Amino acid sequence: MAKIVIPEGLAGKDLFRFLVSNKKALIAEKKFEMKFSDPLFQAHKLSVKTGGANKASAMPEDTPELIYRLCVINTTNWMDSHSDVHIPGLWKKSLTETKDLYLLQEHMMKFQGIITDQVQAYTKQMAWQQLGLDAEGVTEALIFQCAISNKRNPYMFDQYSEDYVKNHSVGMQYVDLQLAVNEPEDDYYKEEFAVWNKYIGSIANANDAEEQGYFWAVREAKVIEGSAVPIGSNRITPTLNSSTGKEPLTGTWIQPQENGFDIGEAIKSTKFFNN
Numbered sequence: 002m003a004k005i006v007i008p009e010g011l012a013g014k015d016l017f018r019f020l021v022s023n024k025k026a027l028i029a030e031k032k033f034e035m036k037f038s039d040p041l042f043q044a045h046k047l048s049v050k051t052g053g054a055n056k057a058s059a060m061p062e063d064t065p066e067l068i069y070r071l072c073v074i075n076t077t078n079w080m081d082s083h084s085d086v087h088i089p090g091l092w093k094k095s096l097t098e099t100k101d102l103y104l105l106q107e108h109m110m111k112f113q114g115i116i117t118d119q120v121q122a123y124t125k126q127m128a129w130q131q132l133g134l135d136a137e138g139v140t141e142a143l144i145f146q147c148a149i150s151n152k153r154n155p156y157m158f159d160q161y162s163e164d165y166v167k168n169h170s171v172g173m174q175y176v177d178l179q180l181a182v183n184e185p186e187d188d189y190y191k192e193e194f195a196v197w198n199k200y201i202g203s204i205a206n207a208n209d210a211e212e213q214g215y216f217w218a219v220r221e222a223k224v225i226e227g228s229a230v231p232i233g234s235n236r237i238t239p240t241l242n243s244s245t246g247k248e249p250l251t252g253t254w255i256q257p258q259e260n261g262f263d264i265g266e267a268i269k270s271t272k273f274f275n276n
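Numbered per this note's numbering, the sequence shown finishes at 276, counting up by one with no gaps.
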């Protein structure tokens, strides 16, 4: 598929018209590609809810060979550096269908890039302030509950042990997205302006969206993997819990359903982690 290139210097109504005129092709292009964190990031200005009968419990204690981390892989209601705003509920179908997920090092889908495959993924409604952002409102966080072994990836084991991992990123494929454009005076943008009005009030960094004049509302996506990254395209993706006390946030460990896979028991009974 030939990539559509936005002409350099295009702005304002000329940019909006280009986006709307090429909307179908741009959406097809975004769906075709897998989305990762940007290699170079330009920063923007700056109650538990799970699926199924899961129960909350105390975090397992870290050991010299095994640590437990709650990683925020993605947050909704935030315009990221791809001009995407993830809409709450976008992961619901994917999390139901996807059984095996990896936590990777910088989206490296190779054996040496795997941090752990002991992952349970779920979503949790959180206040922005719980994630360290001085803003009102809430987000739906995609959480990877992970058991990280020193034997699997010693380097990233140390990075998490020392609380150096401040950002994460989701490897994903778009399923359903819409273009939102802030242009109320021209009926040519009627459909896109309706999308803008529907979502702009819930975006934490709405000033960035208003300055740009458009965004992509991602209503459904497939989660492929989650990654630890130095700087994510969405900066509100921290590690929730730590062992050293450098981070004030604490997390809640979610026990899987009784008839499902119990990651805690599986880890205890696996020689790989106990030797």
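Where a beta carbon is used, it is the ideal one built from N, C-alpha and C, also for glycine. Keep in mind it's a predicted model, so treat the numbers as computed, not measured.
Segment contact: the stretch 192-203 against the stretch 91-105, fewer than three CB-CB distances shorter than 8 angstroms; contact not assigned. Residue state for lysine 94 is assigned as helix, using DSSP reduced to three classes. Across the structure, glycine 90 and glutamine 121 are spaced so that their CA atoms are roughly 17 angstroms apart. Note that the stretch 159-175 touches the stretch 29-37; at least 3 beta-carbon pairs, one per stretch, sit closer than 8 angstroms. Rounded to the nearest angstrom, the Cβ distance from asparagine 168 to glycine 233 is 4 angstroms, consistent with a contact under 8 angstroms. By the C-beta criterion, the stretch 9-19 is judged to be in contact with the stretch 212-231, since at least 3 inter-stretch pairs fall below 8 angstroms.
In this structure, the beta-carbon distance from leucine 178 to lysine 31 falls below 9 angstroms.
Tryptophan 197 is positioned such that its CB atom lies no closer than 9 angstroms to that of threonine 140. One thing to note: threonine 240 has its Cβ no nearer than 9 angstroms to the Cβ of valine 86. Bounds of the alpha helix (DSSP H) holding tryptophan 197 are 191-200.
Put simply, the backbone Cα of glutamate 192 is about 26 angstroms away from that of glutamate 9.
Judged by DSSP secondary structure, serine 162 falls within the alpha helix (DSSP H) whose first and last residues are 155-162.
When the Cα atoms are used, serine 162 and glutamate 221 turn out to be separated by approximately 33 angstroms. Bounds of the beta strand (DSSP E) holding glycine 227 are 215-230. Aspartate 81 is classed as buried because its beta carbon has at least 16 other beta carbons within 10 Å across all chains shown. DSSP places serine 234 outside both helix and strand once states are collapsed to three, so it counts as coil.
Cβ contact annotation for isoleucine 28 (same chain, cutoff 7 angstroms, sequence separation greater than five): Leu178, in chain order. If you check the CB distance, asparagine 242 and tyrosine 69 come in under 9 angstroms. Rounded to the nearest angstrom, the gap between the Cα atoms of threonine 117 and alanine 207 is 35 angstroms.
Membership of lysine 125 in the beta strand (DSSP E) is indicated by the continuous run 120-128. Between asparagine 75 and leucine 143 a beta carbon distance of about 4 angstroms is seen, short of the 8 angstroms cut, so the two are scored as contacting. For the pair tryptophan 254 and histidine 83, the Cα-to-Cα distance works out to about 31 angstroms. Bridge pairing for asparagine 75: Leu143 [DSSP].
Taking phenylalanine 145 as the centre and dropping the five residues before and after it, the same chain places the C-beta of Cys72, Ile74, Leu104, Val120, Ala122 and Gly227 closer than 6 angstroms to its C-beta, in chain order.
DSSP places serine 170 inside the beta strand (DSSP E), whose first and last residues are 168-182. Annotation for leucine 20: the continuous alpha helix (DSSP H) segment containing it runs 13-22. By the Cβ neighbour-count rule, glutamate 184 is buried, with 16 or more other Cβ atoms within 10 Å of its own.
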